[in-house]
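Visitor:
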Amino acid sequence: MQIICWGVRGSVPVPGPATCRYGGNTPCVEVCAGDTRVIVDAGTGIFPLGRRLAPNPAHYDLLLSHLHWDHIQGLPFFAPLRHAGVSLTIHVPVGCLSLLRELVFNANCHRYLAAPFGRPAADIQFETFACPAPENRVPGARWSIGEIEIGTVNLNHPGHSVGFRLSTAGRSVVYYSDTAPFDEILFGSEYLGQAPHKDTKLAGAERERLAAMRQAAIDLAAGADLLIFDSHLTRQEYPQFPHYGHSTPDHALEMAIAAQVRELVLFHHAPARSDTELAKLEEQYRSMAGAHGVALRAAREGERINL
Ligand SMILES: [Zn+2]
Ligand SMILES: [Zn+2]
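Per the working numbering: the sequence shown = residues 227 to 533.
This is how it looks when you write it as structure tokens:
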């Protein structure tokens with residue numbers, strides 16, 4: 227299994243001298259096993275990936291974790307879509323289908339793009355999957371794409387996001403790109419405009435739902451070779467922005483230890499985080515993780531990880 231990070235940045239692409247080491251493109255990860263290729267998320271990182279792939283006739287599978295801009299904004303620029311002979315299956319949470327169809331087929335017009343491609347030449351199919359709330363005690367959808375088995379779980383994020391486990395031949399990578407920790411706030415469909423008052427206490431039922439969500443996320447990640455995890459905020463920033471729906475490297479490491487994964491990859495770097503700051507964080511948390519027997523790296527654009 228080979229994993230290539232094409233985009234590792236959260237929220238907005240930030241190319242420039244301060245981000246050239248870790249990269250400025252938004253989330254896109256390619257996972258290959260044998261003849262199977264699965265693309266996870268379509269941030270602007272899918273643009274360089276598409277340039278490498280096009281125009282070869284081929285079939286591609288794209289998993290979308292959720293529809294926040296940074297995870298779909300590269301899709302209209304995925305070059306293989308302009309070629310007949312290419313087919314793409316987009317796997318999307320069931321509640322996101324109509325919005326996604328709007329993006330792919332209707333928002334792709336002169337009003338939004340200087341060079342739209344109308345109805346894409348490629349054959350695009352949509353597959354939906356259900357990811358029931360953890361308190362229902364029903365596991366998230368599981369299916370296979372070629373040689374890769376897919377598992378899903380709900381994460382704690384405004385508007386909901388989905389985490390994936392991709393496994394083949396005893397190797398596995400887990401992708402939890404956008405999630406808050408599972409303790410202070412239970413996110414739903416609505417965006418929270420501000421942090422809850424510090425004295426706000428969660429109701430017992432909400433606390434139970436968070437605990438069930440956390441356990442389901444740990445269960446899906448258990449024993450994985452690689453855990454790619456949201457590390458958008460620093461420990462110092464988090465108390466100001468718990469309502470953003472993102473985690474810190476501390477939360478990521480806590481989950482990596484609980485799930486007993488082999489290596490943790492810090493991901494979804496904040497757009498304002500410079501290479502210098504990321505290198506410091508990587509060094510600091512690498513030694514903390516090492517004390518627990520977990521390898522650690524901060525995701526870098528273009529990096530290939532072989533499992
Ligand atoms: Zn994101
Ligand atoms: Zn998001």
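Cβ atoms here follow ideal geometry from the backbone N, Cα and C, with glycine treated the same way.
1. Just to confirm before moving on: does the CB-CB distance between V379 and G396 stay below 7 Å?
2. Less than 6 Å between the CB of H294 and some heavy atom of ligand 2, yes or no?
3. Given 6 Å as the limit, tell me if D445 has its C-beta closer than that to any heavy atom belonging to ligand 2.
4. DSSP on G401, reduced to helix/strand/coil?
5. Smallest Cα separation from A524: which of T270, Q420, L492 and G516?
6. Give, in chain order, every unbroken run of the beta strand (DSSP E) that is at least 3 residues long and sits entirely within the stretch 470 to 510.
7. Kindly examine ligand 1 and report whether one of its heavy atoms sits closer than 6 Å to the Cβ of G236.
8. Report the rounded CA-to-CA distance for R461 versus A478, giving the unit in angstroms.
9. Measure the C-alpha to C-alpha separation of G377 and P346 and round it to an integer number of angstroms.
10. Closer than 8 Å is the cut-off here; do at least three beta carbon pairs connect the stretch 288 to 302 with the stretch 329 to 343?
11. Within a Cβ cutoff of 7 Å, which residues of the same chain sit near D409, ignoring the five residues on either side of it in sequence?
12. Out of E375, S313, Y470 and E527, which has the shortest C-alpha to C-alpha gap to F352?
13. Considering only the alpha carbon of each residue, which of G528, T474, M439 and N532 lies closest to L452?
14. Taking 7 Å as the threshold (C-beta atoms), are F355 and H383 in contact?
15. Can you say whether D263 is buried or exposed, counting buried as having 16 or more other CB atoms within 10 angstroms of its CB?
16. How far does the beta strand (DSSP E) with G233 in it extend, from its first residue to its last?
Guide: Put simply:
1. no
2. yes
3. No, ligand 2 has no heavy atom inside 6 Å of this Cβ.
4. Contrary to the premise, residue 401 reads as Tyr rather than Gly in this sequence. Three-state DSSP puts Y401 in a strand.
5. L492
6. Secondary structure remark: continuous beta strand (DSSP E) runs of at least 3 residues inside the stretch 470 to 510, in chain order: 489 to 493.
7. Yes, the beta carbon of G236 sits closer than 6 Å to at least one heavy atom of ligand 1.
8. 11 Å
9. 29 Å
10. yes
11. Cβ neighbours of D409 beyond the five flanking positions: L436.
12. S313
13. N532
14. no
15. Per the sequence presented here, residue 263 reads as Arg, with Asp not at that position. When all chains shown are included, R263 counts as buried.
16. Q228 to G233
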